[in-house]
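Going by this note's numbering, 276 is the number at position 259 of the sequence shown; the sequence numbering is gapless. By construction, the Cβ of each residue, glycine as well, lies at the ideal position given by its N, Cα and C atoms. All of these numbers come straight from a predicted model, not from anything done at the bench.
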Amino acid sequence: MNPTPAPTTLVTNIGSLVTNTPGTGDAATPLGLLPDAAVVMAGGRFVWAGPADRAPEADDRYDAGGRAAIPGFVDSHSHLVFAGDRTSEFNARMSGHAYRAGGIRTTVAATRAATDDELDANVTRYLTEALRQGTTTFETKSGYGLTVEDEARALRIAARHTEETTYLGAHIVAPEYADDPAGYVDLVTGPMLDACAPHARWVDVFCEKGAFDGDQARAVLTAGAAKGLVPRVHANQLGHGPGVQLAVELGAASADHCTHLTDADVDALANGTTVATLLPGAEFSTRAPWPDARRLLNAGATVALSTDCNPGSSFTSSMPFCIALAVRDMGMTPDEAVWSATAGGAAALRRSDIGRIAVGARADLVLLDAPSHVHLAYRPGVPLVREVWRAGVLT
18 MNPTPAPTTL
28 VTNIGSLVTN
38 TPGTGDAATP
48 LGLLPDAAVV
58 MAGGRFVWAG
68 PADRAPEADD
78 RYDAGGRAAI
88 PGFVDSHSHL
98 VFAGDRTSEF
108 NARMSGHAYR
118 AGGIRTTVAA
128 TRAATDDELD
138 ANVTRYLTEA
148 LRQGTTTFET
158 KSGYGLTVED
168 EARALRIAAR
178 HTEETTYLGA
188 HIVAPEYADD
198 PAGYVDLVTG
208 PMLDACAPHA
218 RWVDVFCEKG
228 AFDGDQARAV
238 LTAGAAKGLV
248 PRVHANQLGH
258 GPGVQLAVEL
268 GAASADHCTH
278 LTDADVDALA
288 NGTTVATLLP
298 GAEFSTRAPW
308 PDARRLLNAG
318 ATVALSTDCN
328 PGSSFTSSMP
338 FCIALAVRDM
348 GMTPDEAVWS
358 ATAGGAAALR
368 RSDIGRIAVG
378 ARADLVLLDA
388 PSHVHLAYRP
398 GVPLVREVWR
408 AGVLT
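Here it is in structure tokens:
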């Protein structure tokens, strides 16, 4: 007996469609722009995309009214399993105090004290917020528990919401190990890793002064890789350091932040497979220097944009906001920023089924209340996301 075909949904009268698919539409941009376009979704996947006047019949029909459409945003770096906030820290920073990694301890205390239900409710809240703004895929990390039990439960909670979960026991040295950082690294690479690896896809480390040095970071990443976890690295955020070089050497999927780079760092990223994930919300919230996206792009590096949503240094879930910052302050064109927030994020997660509109890709589609994707940077702060389909379902 043949299975019943999945119902089809046609979204037509799209004024401008970003596909991120080479060979589709306008080859002069990286976006594969299609004017006067349509897409057909079925079974959670795109099954057709092309000119609206050639669209096949479908079971359901949605008229986009000439609006622009893009793939769903792919947020490849966030820290959503936490409790409390750090309003007072932000207020102090905006009053002239510098950002330091140690502020994480405030969130660690609140997270340890929270119940599972409270943490799960927080993740749900921020994901709902992000989805309203067009984010259909997200990665999130542990890192606010710093005990075996708390790190493992953070990943169990995260895994209820996404398959892109990252073990970040090496966020900072746990307070209990302040006088024994080597002992904490042993914990992170031993019992904590054993408890967390079954719930994670990735392993990450904050390789930074005040957190973990190059040797400690290498130990954490190689131990995680031995357990089947793929490395990612918080690299070169607060100053020059070994993070980017280590990420490229170990074949990490991404080096995240990349605020302070030498020419050798840029060359390594351009000639390796590691994606440079830039997090402009952190620079906005800490008044730090902006990452030089133009320098990376001109060198040939692959660049992703992400929110770094966390309660300390970047408390935003808005990818459109990050696009506007990247265009205004980091030297990116609107086309490059939109690509980096969609296909770039997918590359940072080593995914080819998201961040683009093509037959077989997951049917994540964002309809903008605007005639062009450029309006994401042109009209900063304006809620332009009108409709979001995630895996073919109108949310």
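Quick check on residue i: does DSSP put it in helix, strand or coil?
i	result
residue 161	coil
residue 388	coil
residue 111	coil
residue 87	strand
residue 321	strand
residue 106	helix
residue 292	strand
residue 241	helix
residue 269	coil
residue 229	strand
residue 155	strand
residue 33	strand
residue 357	helix
residue 306	coil
residue 263	helix
residue 286	helix
Assuming residue i and residue j are in contact, meaning their beta carbons sit under 8 Å apart, how far apart are those beta carbons, in whole angstroms?
i	j	result
residue 75	residue 31	At roughly 14 Å, the Cβ-Cβ gap does not stay under 8 Å, so residue 75 and residue 31 are not in contact.
residue 240	residue 248	Actually they are not in contact, since the Cβ atoms of residue 240 and residue 248 sit about 10 Å apart, beyond 8 Å.
residue 381	residue 89	3 Å
residue 81	residue 101	The Cβ separation is near 41 Å, so there is no contact.
residue 77	residue 27	7 Å
residue 122	residue 329	In fact, because the Cβ distance is near 10 Å, the residues do not count as touching under 8 Å.
Name the one or two DSSP bridge partners that residue i has.
i	result
residue 223	251
residue 382	88, 406
residue 65	57
residue 184	220
residue 78	27
residue 94	Partner(s): none; residue 94 has no beta bridge.
residue 274	252
Distance check for residue j and residue i, CA to CA, integer angstroms please.
i	j	result
residue 29	residue 216	40 Å
residue 152	residue 259	31 Å
residue 150	residue 355	14 Å
residue 113	residue 213	38 Å
residue 182	residue 280	32 Å
residue 359	residue 200	40 Å
residue 372	residue 38	10 Å
residue 232	residue 295	24 Å
residue 274	residue 70	43 Å
residue 23	residue 411	15 Å
residue 374	residue 225	37 Å
- prompt: Can at least three beta-carbon pairs, one atom from the stretch 350-368 and one from the stretch 308-321, be found at a separation below 8 Å?
  reply: yes
query: Does the stretch 341-361 touch the stretch 168-183, meaning 3 or more C-beta pairs lie closer than 8 Å?
result: no
task: Kindly confirm or deny that the stretch 53-63 and the stretch 324-340 touch, where touching means at least three C-beta pairs closer than 8 Å.
output: no
- prompt: Quick check: the stretch 370-387 against the stretch 397-411, are there 3 or more CB pairs under 8 Å?
  reply: yes
message: Would the stretch 264-274 count as touching the stretch 282-298 if we require 3 or more Cβ pairs under 8 Å?
response: yes
- request: Mind the definition here: the stretch 214-234 touches the stretch 156-172 only if three or more C-beta pairs lie below 8 Å; say whether that holds.
  value: yes
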